[in-house]
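If you read the sequence shown in UniProt numbering, its first letter stands for residue 1, the second for the next number, and so on. Ideal placement from N, C-alpha and C gives every residue a C-beta, glycine not left out.
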Amino acid sequence: MEEATSTKNSPSSNEEMPNSEAPLWQYVTKIEKPPSSAAKSGGNTYFKCNYCGKVYLGSYSRVKAHLLKIVNKGIKACPNVTPSLRLEMQRMHDQIENDKLERAQRSRIPLPPPPPGRGPIGPIPSFQRQEESDSTNPIDGKRRKVIANSTIEKAFQNNARYELDSRIGRMFYTGGLPFNFARNPYYRSSYSYAATHSIPGYVPPGYNALRTTLLQRERAHVERLLRPIKDFWLENGVSIVSDGWSDPQRRPLINIMAVSDGGPVFIKAIDGSGEFKDKHYIAGVLKDAIKEIGHEKVVQVITDNASVMKAAGALIEGEYPKIFWTPCVVHTLNLALKNICAAKNTEKNEVTYEECSWITRIGDDASFIRVFIMNHSMRLAMFNEFCPLKLLQVADTRFASVVVMLKRLKLIKRSLQAMAISDQWASYREDDVGKAQKVKDLILSDLWWDKVDYILEFTAPIYDMLRVADTDKPCLHLVYEMWDSMIEKVKAAICRHEGLEDDQYSSFWSVVYDILIDRWTKNCTPLHCLAHSLNPKYYSIEWLSENPKRISPHRDHEISMERSKCLERYFEDEDELKVVKYEFATFSGGRFPSPDALTDRWALQPLVWWQYHGSAFPILQTLAFKLLGQPCSSSCAERNWSTYKFIHSLKRNKMVPARAEDLVYVHSNLRLLSRRNEEYVNTSTKMWDIAGDSWNESDMHGGAGILENAALTLDEPELEAIVIGNATNTSVTTSESEVQSEAIELDDDDVCL
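Now the structure itself:
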């Protein structure tokens, strides 16, 4: 808001002193010379500061000194300019000065040598001399100056860009950087910042700065960026997920992450060297994390299903009754698949082995086919000729490893059969003829492929549920219903294959059912039942009518018993517990103040329903906000250890665990934050952290999918596996025995520490 305009002879008029050249004029108001003033203004201007309100006489230099608080300039510093505002003004002023400096430097720099066959180009003349000699018309002179400036700058910048591109390329080639790194938004933004800010004499940070001061500074910066996510933990709750791993120096490390509906946040990593990893030690580590976050914010602690973890969870629940230990659903499903697809031949497991051993044989046959092709270069060359996709080497420790391998073989079935009946396959006799014939017989056997189809058919519901659960998205409230639906679908697939009705007996289904129920019994907790009971969808007519066997949560005896246990732990005061029981009875009975609340139970997402209609049940609403936003697996913690391994392998960085923790903290949380940005799915940096150079979003099966470089879930199973390279980069192959020697067999008593 301007009080007065400048006088005719004032040098601060818009024509003579534009804001583009003197940007700080916008923070003061130019006024006419006060009538009572006897001072001679000369070429100076009276101005009034918009912040302190005082009137001064001076040029732009004094405006700058007043606002930027520059001393010894004959003017007082403005006391009302805040540090942040001063920093903004300084940046604006520096930008203009840098632009002036660049233009002055370009006016004295000769053009690069001309291409061969063209005449020489002289040095760029001074724009000032050109303006003076070209025309006496100031408007025409300005136009010619802009045209000449634009043409010369363009010629110079094209050559400069060419040289800069070459230097960046050399950095990639000599450093062995993956080309996919060019899609990293932080790589792109660093050069964009350098292009828009002239920093004469700038030297990039060196080796020590990157791994010490800059790393610590970036960690502090990331913590500030994560503050909005952490601020919601008190109201919406947070889950602590943990998993263990050994680094390349064989140091046992324990990973701690916090997961909410805002996404996963890496908290810290504990070096367990020299410690006996019993229930007391693990419980102590988790309790420290609870204290760091705040016990009133923590809803549950998720770990794998190992017995020592269960014992540690019991110790935590004993000290914090409102915090629940929850076994990872993905681990539970994976163990169920292992019990079915890789049954052990033991005395206690005799019946299961008798019914499921044929699945083990099919899995062994699939591994035999893969290993034979990969370990014989000529067979591998034939495979690459007939099949555009790659064979997968899936470690036994990966979730659903057998199913993933069979799915890939099914996908390339036609290519394998074309290879087996080709002249090249029949004419080559240099390798083991007997094994080659066995591979050919398996590939061409319709009976063998029928068994593969059957395995994929009845395990598909388990695999699909595993994919849904293998994420950090809120799904705790969906687990109970997913288990029921999954078991029904598995039974339907087996009965359909055997030609049986639902009520007819099947020995194979009986074994599979016992395995699934046993795993579910070990996995189900009171928290699952309470979260299930707070999902409005499961009371709607639409959901109940989908299956006549379905009943509402408040009518299910098992759910009701476990829900009561959970509520008693949350509310120790009897009067408050009575209020909660009354609220739940009203909620489950459908007695709502608004008629829309009934229809919205099916139409709205659970959290949205509670936000819109839950005010009638304030205590239950508070519980719903916390429980309906929690995950059900520790998968994000496992993927973070792939990140840890990736960082340790970078040029054999010899980092102590504390520094590696800082690097993983920054690495993981910056990825989390970038995925919340709209640019992650809409620009040239789209999904920049998925797989590597070979990834192509139009052909997911063709992606390289290096696990150590991508935080993926089973939603991208083709990328989730470790890919064996083609004949050009597999001069040394991995034998089946070597793969098996590195595999870790998971069971209830196994501890991944």
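Would you list the residues sitting across from residue i in a DSSP beta bridge?
i	result
residue 58	45
residue 303	327
residue 765	Outside the displayed span of the chain (1 to 753) sits residue 765, for which this structure offers no information.
residue 255	243, 269
residue 260	263
residue 30	47
residue 403	Looking at the DSSP assignment, residue 403 forms no beta bridge with any residue, so it has no partner.
residue 512	Residue 512 is not bridged to any residue.
residue 298	238
Could you check which residue in the options has the C-alpha nearest to that of residue i?
i	options	result
residue 382	416, 324, 588, 164	416
residue 319	295, 168, 45	295
residue 253	268, 445, 440	268
residue 438	60, 205, 366, 557	366
residue 447	539, 332, 279, 358	358
residue 64	619, 157, 476, 23	23
residue 78	49, 58, 99, 89	49
residue 255	212, 301, 343	301
residue 635	555, 601, 471, 261	471
residue 561	530, 404, 260	530
residue 238	298, 31, 571, 209	298
residue 480	527, 506, 451	527
residue 282	310, 258, 262, 263	310
residue 212	364, 675, 661	661
residue 771	193, 390, 581	Nothing can be reported for residue 771: it is not among the residues displayed for the chain, which extend from 1 to 753.
residue 607	476, 507, 505, 167	476
residue 674	273, 332, 222	222
residue 586	617, 571, 609	617
residue 363	233, 454, 274, 419	454
residue 627	228, 203, 473, 518	473
residue 668	161, 500, 218, 623	218
When the Cα atoms are used, what is the spatial distance from residue i to residue j?
i	j	result
residue 440	residue 244	42 Å
residue 337	residue 224	42 Å
residue 97	residue 197	11 Å
residue 565	residue 83	55 Å
residue 236	residue 293	13 Å
residue 732	residue 445	Because the pLDDT at residue 732 is just 31, under 50, the model does not fix this residue reliably, and the value given afterwards should be weighed accordingly. Straight-line Cα distance between these residues: approximately 31 Å.
residue 513	residue 370	31 Å
residue 354	residue 557	35 Å
residue 29	residue 86	18 Å
residue 594	residue 316	41 Å
residue 375	residue 368	11 Å
residue 536	residue 575	25 Å
residue 377	residue 431	10 Å
residue 148	residue 658	For residue 148, the pLDDT reaches just 47, beneath the cut-off of 50, and the residue's location in the model is therefore unreliable, although a value from the coordinates is still provided. Roughly 57 Å between the two C-alpha positions.
residue 199	residue 523	59 Å
residue 756	residue 304	Residue numbering for the chain in the displayed model covers 1 to 753; residue 756 lies beyond these limits and cannot be assessed.
residue 462	residue 391	23 Å
residue 601	residue 555	17 Å
residue 68	residue 216	30 Å
residue 723	residue 478	For residue 723, the pLDDT reaches just 28, beneath the cut-off of 50, and the residue's location in the model is therefore unreliable, leaving the point undetermined.
residue 350	residue 356	10 Å
residue 203	residue 209	12 Å
Verify whether the separation of the beta carbon atoms of residue i and residue j is less than 8 Å.
i	j	result
residue 569	residue 322	yes
residue 308	residue 279	yes
residue 664	residue 266	yes
residue 614	residue 605	no
residue 559	residue 583	no
residue 483	residue 494	no
residue 342	residue 402	yes
residue 548	residue 532	no
residue 469	residue 632	yes
residue 456	residue 406	yes
residue 672	residue 264	yes
residue 372	residue 435	yes
residue 629	residue 261	yes
residue 240	residue 220	no
residue 498	residue 506	yes
residue 571	residue 580	yes
residue 400	residue 334	yes
Checking contacts by CB at 8 Å: is residue i closer than that to chain C?
i	result
residue 574	Included in the structure is just one protein chain, with no chain C present.
key: Within the segment 567 to 616, ranges of the beta strand (DSSP E) (whole runs, at least 3 residues)   = none
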